[in-house]
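Enquirer: In terms of full-length UniProt numbering, the sequence shown opens at residue 1 and continues consecutively. Structure below; questions to follow.
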Amino acid sequence: MQVAEVNDIKTYNLSQGKTIPEWLSDRKRRLLLKKNVDLRRRIQLIQDFDMPIVSNTVNISPDGQYIIASGVYKPRIRCFDVEQLAMKFERCLDSEVIKCIVLSEDYGKLLLLEADRWVEIHSQAGFYFKTRLPKFGRDLAYNYATCDALFVGNSSEIYRLNLSVGTFLKPFETNCLALNAISINPEHNLIVVGSQEGFVEAWDPRVRERVGTLDCALESLRNDPNKVSKIPSITSIKYRDGLTMGVGTSNGQILLYDIRANKPFLNKDHMYGLPIKTIEFLDGPLNLVATLDSKIIKLWNRNDGTPFTAIQADNDLNMLAAYPDSGMMFVANESPKILTYYIPAVGPAPKWCSFLDRITEELEESTENVIYDDYKFVTENELEELGLSDLIGTNLLRAYMHGFFIDMRLYRKALEISKPFVYEEYRKQKIKEKIDSERIDRVQITDELPKVNRSLAEKLIIAEKEHEEKKKQNKTVKYKPNPLKDNRFSALFEDPNFEIDETSDEFRLLNPVLSRLTKNDSKKSTIVDNDDEQTKPIYADIFEEDDVLNDSISSDSDEDLMFGRKNDEEEDNEDELKNEHKNFSNTDDDDDDDDNYVDDNKHDLEKNKLQKRTVKTKLYHLKSGKTYDDLYSHTKNDKNPNHHNDGNDQQVERQTFEQRLKLVEKENKNNRLLQGSSGGGGINGNRIMTFVPKQQRKTKTDEEQNVNNNRQIEHRKQRKKLVRKTTGLKFNKNVFG
């Protein structure tokens, strides 16, 4: 047993404690109890009150004698008899139980809503009937007056199954897309359903028509305008009596309504932002309400919302069942044990475990905590946004960890002043969503680009098309997956919170790195679009730049020889990244000394001078289908045919020595032909021998591989010759003899 004291209210956890293994013998069990004090002080209220892995639901029969629990794995239900404090029976199922209702006073009739759209009815003997719903179910209720089982789920209809006849009746049509919760008033049988859009609809089973609608989402957002980004849905509904109704939302708020009014008389916030799973009205003079989300159970007064106590567990919580007229509660959770809590301040122990009142005070291990239910935790940055930073150090703020606790009423007033148009923005957003939903049926223009990060998506699509083109050309290209087609990155192009802000400081620092993606495309576009003849290299239509040879020629510095030489693109990216970091640091630190500024400028000037002095060598080779004869025809002038042979000509000076020799030889040949035709030298005179130097062929990779293989074979042969064999050696048995 473990005792927790919150707000001077003691809560006893009867499930806390170690368990004894079942496979131990009686003798070892007695020895273990003598040695271990925790095992002696534990209380096992109900024997085997657990599930194999997880418990989903827990219900109490109307007579209070049986507890029905469901869990996994395998899917099963277990019935526990509180008079015997042990399990009565266990039944395995085919699907996991979502909701369970006890139709009779004892365990004789059970109605189960299961996953995969199944509905099962069990009798005292076992399984009785099984059917299936048209859509997946989320909640169910039973109308005792008409014997109708009502189901809601992923549909706008309320399905009705008459258990007296055994057939489905015509469903009720609602104005909602999906329904999450349903409840029936025990006094006048008014049916209420909670929708995914935050509306609650009331239906009268006598006339089979809708009689009212409540906008609970709007009421919950008015109390906390900071949560306008997402419209809350209805997750649970519970009636207390003929007039009072509790509604739980997905943003952690509970609205208490008088069904005669369209506005709640009390709004309670759990402060965790988690969906409310269960609402229980506790009978007694304290007028308490117990509400449960996946993190905490809170008990508070239903008249003014004053917090009474709170219960936190180590695992996520699924469902709460309060034993009537007592202070005991059973909680289904994400662990094998079904939790059992007892609060003496709420009510006495049930008659079947009245011994708890005598032994609770003897087995206390108190741990005190304090909760601040009506306070909001804010950080210092949030205080500055609200304009409340002047309150630091006053009694209005309570310092805690890395922030402060502020009164919820003051926080809401400050939020309304700092954001006065939040409600108008929420109204416009809701109107826009309504209009967009009506436009779905219209003809839409197909657009490949998403609404978020369109520029990034465009780059990815272009890169994918280029990859497909290279693949068609039978080029070996590494496969690069496209994030647009990966569901793991779908939020990057759908959620506006992932929008890339190009004006942010982080993007400025990463901009030189990101620019590599588009640098090659920009180079191609500038070469195609640039028509200025001065920027084109000489003989651009005959020669093209040799990238391989250009990269192979590098400087002879020691750093390049030791660590390798970086290409020009890496150096440019590195310089851009350094300059961007320097600009970013200069904007943050505007009060630097002038001496440092002068030194930085001198360093930049010297660096620029060195960069200007260095001349990068560029080599060119002939394009396919071009010869050096085209070079001669390119430089030839109609008026002055020998213009290309002028020593001062810039084009001829930039040619290699081999090219100039060929030009001279071609010119001499033309001159000889002209002289021969005029009779000066004749065709057979002035014979000149010419030669063309052969280019050295590069060694092929296959030849190098063969040489290496031969070397390895020779090396292995030499190693085998050097190894001493031990097969022919003889050893004496008596070494010291």
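Backbone N, C-alpha and C define an ideal beta-carbon position, used for all residues, glycine too. Given the structure is predicted, the values throughout are model-derived calculations rather than measurements.
(1) Under the rule that 16 or more other beta-carbon atoms within 10 Å means buried, what is I125, buried or exposed?
(2) May I ask which residues mark the beginning and end of the alpha helix (DSSP H) holding A414?
(3) So which of Q312, N262 and G246 has the shortest CA-CA distance to residue 746?
(4) Identify the continuous beta strand (DSSP E) that holds Y257 and give its terminal residues.
(5) What residue does the beta strand (DSSP E) around S55 start on, and which one ends it?
(6) Taking the alpha-carbon of T306 as reference, which of W118, A290, D283 and A181 has the nearest alpha-carbon?
(7) E219 by DSSP, collapsed to three states: which one?
(8) Under the three-state reduction of DSSP, which class applies to V331: helix, strand or coil?
(9) From which residue to which residue does the alpha helix (DSSP H) around L33 run?
(10) Exposed or buried, which one is S233 when buried takes at least 16 other CB atoms within 10 Å?
(11) Measure the C-alpha to C-alpha separation of K329 and R76 and round it to an integer number of angstroms.
(12) Are there 16 or more other CB atoms within 10 angstroms of the CB of Y144, so buried, or fewer, so exposed?
(13) Taking the alpha-carbon positions, what's the Y426 to L415 distance?
(14) Would you call the stretch 251–261 and the stretch 203–210 touching, i.e. three or more CB-CB distances under 8 Å?
(15) Quick check: the Cα distance between E334 and C92, rounded to an integer number of angstroms?
(16) Go ahead and pull the three-state DSSP assignment for A261.
(17) Per DSSP, what kind of secondary structure is Q2 in: helix, strand or coil?
(18) Leaving aside the five residues before and after M51 along the sequence, list all residues of the same chain whose C-beta is less than 6 Å from its C-beta, in chain order.
(19) Which of the three DSSP states is assigned to H122 in this structure?
(20) If you draw a straight line from the C-alpha of N550 to the C-alpha of F657, how long is it?
(21) Comparing alpha-carbon positions, which option in A313, P344 and E5 lies nearest Y323?
(22) Expressed to the nearest angstrom, what Euclidean distance is found between the alpha-carbon atoms of K451 and E494?
(23) Check whether the Cβ atoms of I191 and D139 lie closer than 8 Å to each other.
(24) With H, G and I counted as helix, E and B as strand and the rest as coil, what does DSSP make of Q312?
(25) Please report the residue range of the beta strand (DSSP E) in which Y66 lies.
(26) Check whether the Cβ atoms of L14 and L33 sit closer than 8 Å, and answer yes or no.
(27) With H, G and I counted as helix, E and B as strand and the rest as coil, what does DSSP make of V207?
(28) For the alpha helix (DSSP H) that D436 lies in, which residues bound it at each end?
(29) Rounded to whole angstroms, what's the CA-CA distance from A332 to S61? Just pull it up for me.
(30) What span of residues does the alpha helix (DSSP H) with A457 cover, start to end?
(31) Does DSSP put C176 in a helix, in a strand, or in coil?
(32) Have a look at D148, I53 and P134 and flag the residue whose alpha-carbon is nearest the alpha-carbon of S156.
(33) So who's on the other strand from V152, going by DSSP bridges?
(34) Just to confirm the assignment, what range does the beta strand (DSSP E) spanning N301 have?
(35) Run through DSSP, which three-state label would D505 get?
(36) V6: buried (16+ other C-beta within 10 angstroms of its C-beta) or exposed?
Expert: On the basis of the data shown:
(1) For this step, residue 125 is matched to residue 125 along the sequence shown. The question names Ile, yet the displayed sequence has Ala at residue 125. A125 comes out exposed.
(2) Looking up residue 414 in the sequence shown gives position 414. Run containing A414: M408 to S418, per the alpha helix (DSSP H) assignment.
(3) Outside the shown range of the chain, which is 1 to 737, sits residue 746, and nothing can be said about it.
(4) Taking the first residue of the sequence shown as 1, we reach residue 257 at position 257. Under the DSSP assignment, Y257 falls in the beta strand (DSSP E) whose first and last residues are Q253 to D258.
(5) The residue you call residue 55 lines up with position 55 of the sequence shown. Counting along the chain, the beta strand (DSSP E) containing S55 begins and ends at V54 to I60.
(6) Within the sequence shown, residue 306 is the residue found at index 306, counting from 1. The alpha carbon of T306 has as its nearest neighbour, out of W118, A290, D283 and A181, the alpha carbon of A290.
(7) Within the sequence shown, numbered from 1, the residue matching residue 219 stands at position 219. E219: helix per DSSP, three-state reduction.
(8) As a working mapping, residue 331 is identified with position 331 in the sequence shown. For V331, the secondary structure class from DSSP, reduced to helix, strand or coil, is strand.
(9) Here residue 33 refers to the residue found at position 33 when the sequence shown is read from its first residue. Counting along the chain, L33 sits inside the alpha helix (DSSP H) bounded by residues D26 to K35.
(10) If you number the sequence shown from 1, residue 233 lands on position 233. By the C-beta density criterion, S233 is buried, having at least 16 other C-beta atoms within 10 angstroms.
(11) As a working note, residue 329 is residue 329 in the sequence shown. As a working note, residue 76 is residue 76 in the sequence shown. At residue 329 the sequence reads Met, which differs from the Lys that was named. Each residue's alpha carbon lies about 22 Å from the other.
(12) The residue you call residue 144 lines up with position 144 of the sequence shown. Exposed.
(13) To locate residue 426, count along the sequence shown from 1; it is residue 426. To locate residue 415, count along the sequence shown from 1; it is residue 415. Using only the alpha carbons, I get a separation of about 15 Å.
(14) No, they do not touch.
(15) Taking the first residue of the sequence shown as 1, we reach residue 334 at position 334. Taking the first residue of the sequence shown as 1, we reach residue 92 at position 92. Taking the Cα positions, E334 is about 19 Å away from C92.
(16) For the purposes of this step, residue 261 is taken as the residue at position 261 of the sequence shown. A261 falls in the coil class under three-state DSSP.
(17) In the sequence shown, the residue the question calls residue 2 occupies position 2. It is a strand residue.
(18) What you label residue 51 is simply residue 51 of the sequence shown in a count that begins at 1. Taken in chain order, the residues that qualify are G71 and P336.
(19) Here residue 122 refers to the residue found at position 122 when the sequence shown is read from its first residue. In this structure, H122 counts as strand in the three-state DSSP scheme.
(20) As a position in the sequence shown, residue 550 is number 550, starting the count at 1. As a position in the sequence shown, residue 657 is number 657, starting the count at 1. Residue confidence is low: N550 scores 42 on pLDDT, short of 50, so the model does not pin down where it sits. Its coordinate-derived value is still stated next. N550 and F657: Cα-Cα distance of roughly 19 Å.
(21) As a working note, residue 323 is residue 323 in the sequence shown. Nearest C-alpha to Y323 among A313, P344 and E5: P344.
(22) By one-based count along the sequence shown, residue 451 stands at place 451. By one-based count along the sequence shown, residue 494 stands at place 494. Roughly 7 Å separates the two Cα atoms.
(23) Mapped onto the sequence shown, residue 191 falls at position 191. Mapped onto the sequence shown, residue 139 falls at position 139. Their beta carbons are not under 8 Å apart, which means I191 does not touch D139 by this criterion.
(24) Translated into the one-based positions of the sequence shown, residue 312 becomes position 312. Here Q312 sits in strand by DSSP.
(25) As a working mapping, residue 66 is identified with position 66 in the sequence shown. From DSSP, the beta strand (DSSP E) with Y66 extends over Y66 to V72.
(26) Residue numbering aside, residue 14 sits at position 14 when the sequence shown is read from its first letter. Residue numbering aside, residue 33 sits at position 33 when the sequence shown is read from its first letter. Not a contact, by the Cβ cut-off of 8 Å.
(27) Locating residue 207 in the sequence shown gives position 207, where the first residue counts as 1. Residue state, collapsed to three classes: coil.
(28) Position 436 of the sequence shown, counted from the start, is the residue given in the question as residue 436. It spans V422 to E438 - the alpha helix (DSSP H) in which D436 sits, taken as one unbroken run.
(29) In the sequence shown, counting from the first residue as 1, residue 332 sits at position 332. In the sequence shown, counting from the first residue as 1, residue 61 sits at position 61. About 16 Å.
(30) If you number the sequence shown from 1, residue 457 lands on position 457. For A457, the uninterrupted alpha helix (DSSP H) segment begins and ends at R454 to K472.
(31) For the purposes of this step, residue 176 is taken as the residue at position 176 of the sequence shown. DSSP places C176 outside both helix and strand once states are collapsed to three, so it counts as coil.
(32) Position 156 of the sequence shown, counting from 1, holds the residue named residue 156. That would be P134, whose Cα lies nearest to the Cα of S156.
(33) The residue labelled residue 152 in the question sits at position 152 within the sequence shown. V152 is bridged by DSSP to D139.
(34) Taking the first residue of the sequence shown as 1, we reach residue 301 at position 301. Following the DSSP letters along the chain, one finds N301 inside the beta strand (DSSP E) bounded by residues I296 to N301.
(35) Numbered from 1 along the sequence shown, position 505 holds the residue referred to as residue 505. It is helical.
(36) Sequence index remark: in the sequence shown, residue 6 carries index 6 (1-based). Within 10 angstroms of the beta-carbon of V6 lie 16 or more other beta-carbons, which makes it buried.
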